[in-house]
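The structure under discussion appears below in the form of structure tokens.
There are 2 protein chains.
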Amino acid sequence: MEEGESVATIQVVVSGCVRAFKMLPDGRRQIVGFLGPGDLIGHLSDRQIAGCEAVDAVEVCAFPKIRLENACSEERAVLAELDNMLAAQAHRAQELAANLGRKNALGRVAWFLLDRAGRSARRSEIPLPMSRMDIADFLGLRIETISRAFSALKKSAAIATGPSSFSVRDHGELARAAGG
Amino acid sequence: MEEGESVATIQVVVSGCVRAFKMLPDGRRQIVGFLGPGDLIGHLSDRQIAGCEAVDAVEVCAFPKIRLENACSEERAVLAELDNMLAAQAHRAQELAANLGRKNALGRVAWFLLDRAGRSARRSEIPLPMSRMDIADFLGLRIETISRAFSALKKSAAIATGPSSFSVRDHGELARAAGG
DNA sequence: CGCTGTTTTGATTTAATTCAAGCATAGTGG
DNA sequence: CCACTATGCTTGAATTAAATCAAAACAGCG
Chain A
313 MEEGESVATI QVVVSGCVRA FKMLPDGRRQ IVGFLGPGDL IGHLSDRQIA GCEAVDAVEV
373 CAFPKIRLEN ACSEERAVLA ELDNMLAAQA HRAQELAANL GRKNALGRVA WFLLDRAGRS
433 ARRSEIPLPM SRMDIADFLG LRIETISRAF SALKKSAAIA TGPSSFSVRD HGELARAAGG
Chain H
313 MEEGESVATI QVVVSGCVRA FKMLPDGRRQ IVGFLGPGDL IGHLSDRQIA GCEAVDAVEV
373 CAFPKIRLEN ACSEERAVLA ELDNMLAAQA HRAQELAANL GRKNALGRVA WFLLDRAGRS
433 ARRSEIPLPM SRMDIADFLG LRIETISRAF SALKKSAAIA TGPSSFSVRD HGELARAAGG
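Protein chains in written order, with our numbering: chain A, 313 to 492; chain H, 313 to 492.
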């Protein structure tokens, strides 16, 4: 799904991971969010505000906008929920901006891992379906810097890593690295 | 207005400039947007997602949420407009994240000035009511860096500056500096 | 006019990028 | 089944952009 594209449905992610991104005129990419189960793709307004791609195998549930609009008129709770989810999107984008603007490399990576851990149901072996390149384009860093931060967090025993996964070993240490 | 505060009204800025910001646990501040005439403060959900402060003298128009909810049920256009404005907020926050993540100091400042110019009705003497500190906290830079970027843009004849204002002298040059 | 706080400019330091190798891991074909 | 290659990840050394430290210029205001 491309940025600016007109879409007649709103989709809810059921399983898998989707990356939402913006492209700069010079070709650089900024990933503005990784969407997981329960997250919304799209809104009632006519155009997509970010491009969307599947990171791994993804299932979505698509709602025609017209039916959602009707549901909003009929059920107050639907309107409230829709507003809630849009507000959550804005909130997350602002949170990202705050981290990009005010944290160093280690802080950004630690924040990202804490966020992943928070969303995951599992306590250990938290999946990381996206590549280092994706993480770099999300955190506004280069892949080498991501790699160095991972190494530093492993050395300080804050995390352990597997192939496409990690686990939090020392939550306090990780939170400290995230700068809180 | 504090982040997380519960507010019973949604407010539309009528005149003046409002800064919306997030505080990090360690006290650092990230301004996530400057709101001007027509912009929305708040949403239907129960809590404020960012703190808000007046930058200069501000007039707002406050709507009780309950009345806005009723209006959404009765008039399809109100719902669409509300959704539009929330989507615009998310869009802007994502745009900010993209600039913070992927542009250098000069690019961020040039983008900021172009954005200001775009919102302003006037062609020259575009007002800059916020301080350098505010701009720095918006662009994720220090005030010295903002100052240096302003100087560079003046030297390349892209802009001219007055006290609390600026004007675009060479739009192409400014756009080039913004990295597009 | 002289204070007070903001902005600009300069010199130095630091963090992240860039450039350049090495290392795995998985996939391919002999 | 094992070399061989491609791809992505990690590590190291050098460079660069922005932060930091420090001081000078410039407001606005009593």
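Glycine is no exception: its CB is placed at the ideal position from the N, C-alpha and C atoms.
Output yes if chain A places a C-beta closer than 8 angstroms to the C-beta of residue i; else output no.
{"i": "V325(H)", "result": "no"}
{"i": "G452(H)", "result": "yes"}
{"i": "L426(H)", "result": "no"}
{"i": "A405(H)", "result": "yes"}
{"i": "A402(H)", "result": "yes"}
DSSP three-state label for residue i, please.
{"i": "E314(A)", "result": "coil"}
{"i": "C373(H)", "result": "strand"}
{"i": "E387(H)", "result": "coil"}
{"i": "A362(H)", "result": "coil"}
{"i": "A332(A)", "result": "strand"}
{"i": "R379(H)", "result": "helix"}
{"i": "G345(H)", "result": "strand"}
{"i": "L398(H)", "result": "helix"}
{"i": "L486(H)", "result": "helix"}
Using a Cβ-Cβ cut-off of 8 angstroms (strictly less than) and excluding sequence neighbours within five positions of residue i, which residues of its own chain qualify?
{"i": "A433(A)", "result": "none"}
{"i": "Q360(H)", "result": "M313, E314, E315, G316, E317, S318, V319 and G354"}
{"i": "S459(H)", "result": "R444"}
{"i": "A457(H)", "result": "Checking the sequence shown, residue 457(H) turns out to be Thr, not Ala. For T457(H), where only same-chain residues beyond five positions count, the Cβ hits under 8 angstroms are A417 and A448."}
{"i": "G405(A)", "result": "It should be pointed out that residue 405(A) corresponds to Ala in this sequence rather than to Gly. Closer than 8 angstroms at the Cβ level, and outside the excluded window around A405(A), lie V344 and G345."}
{"i": "L356(A)", "result": "I322, K377, L380, E381 and L394"}
{"i": "V367(H)", "result": "G328, C329, V330, R331, F346, P441, M442 and D446"}
Using a Cβ cut-off of 8 angstroms (strictly closer), state whether residue i contacts chain H.
{"i": "P337(A)", "result": "yes"}
{"i": "H483(A)", "result": "no"}
{"i": "K334(A)", "result": "yes"}
{"i": "L412(A)", "result": "yes"}
{"i": "A422(A)", "result": "no"}
{"i": "A489(A)", "result": "no"}
{"i": "L418(A)", "result": "no"}
{"i": "A399(A)", "result": "yes"}
{"i": "A409(A)", "result": "yes"}
{"i": "A461(A)", "result": "no"}
Using a Cβ-Cβ cutoff of less than 6 angstroms, which residues in the same chain neighbour residue i once the five nearest sequence positions on both sides are dropped?
{"i": "A422(A)", "result": "L486, A489 and A490"}
{"i": "G308(H)", "result": "One cannot answer for residue 308(H) here, as it falls past the ends of chain H, which runs 313 to 492."}
{"i": "P439(A)", "result": "S477"}
{"i": "G484(A)", "result": "none"}
{"i": "A369(H)", "result": "G328"}
{"i": "R454(H)", "result": "A448"}
{"i": "L412(A)", "result": "G452"}
{"i": "A429(A)", "result": "I438 and V480"}
{"i": "M335(H)", "result": "R341"}
Excluding the 5 residues flanking residue i on each side, which residues of the same chain have their C-beta closer than 7 angstroms to its C-beta?
{"i": "A464(H)", "result": "L418"}
{"i": "T473(A)", "result": "F462 and K466"}
{"i": "K415(A)", "result": "W423 and G491"}
{"i": "F375(H)", "result": "T321 and I322"}
{"i": "L283(H)", "result": "Because residue 283(H) is not part of the residues shown, which for chain H are 313 to 492, the question remains open."}
Every unbroken alpha helix (DSSP H) inside the region 437-482 of chain H [4 residues or more]:
For the region 437-482 of chain H, whole alpha helix (DSSP H) runs of length 4 or above, ordered along the chain, are 444-451 and 455-467.
Residues of the region 340-364 of chain H in Cβ contact with chain A at a cutoff of 7 angstroms, in chain order, please.
So the close ones are R340, Q342, V344, H355, L356, S357, I361 and A362.
Which residues, in chain order, does the region 370-397 of chain H contribute to contact with chain A at a C-beta distance below 7 angstroms?
So the list reads E381, C384, S385, R388, L391, A392, D395 and N396, given in the order they occur along the chain.
Fully enclosed by the region 400-431 of chain A, which alpha helix (DSSP H) runs are 4 residues long or longer?
Listed in chain order, they are 417-431.
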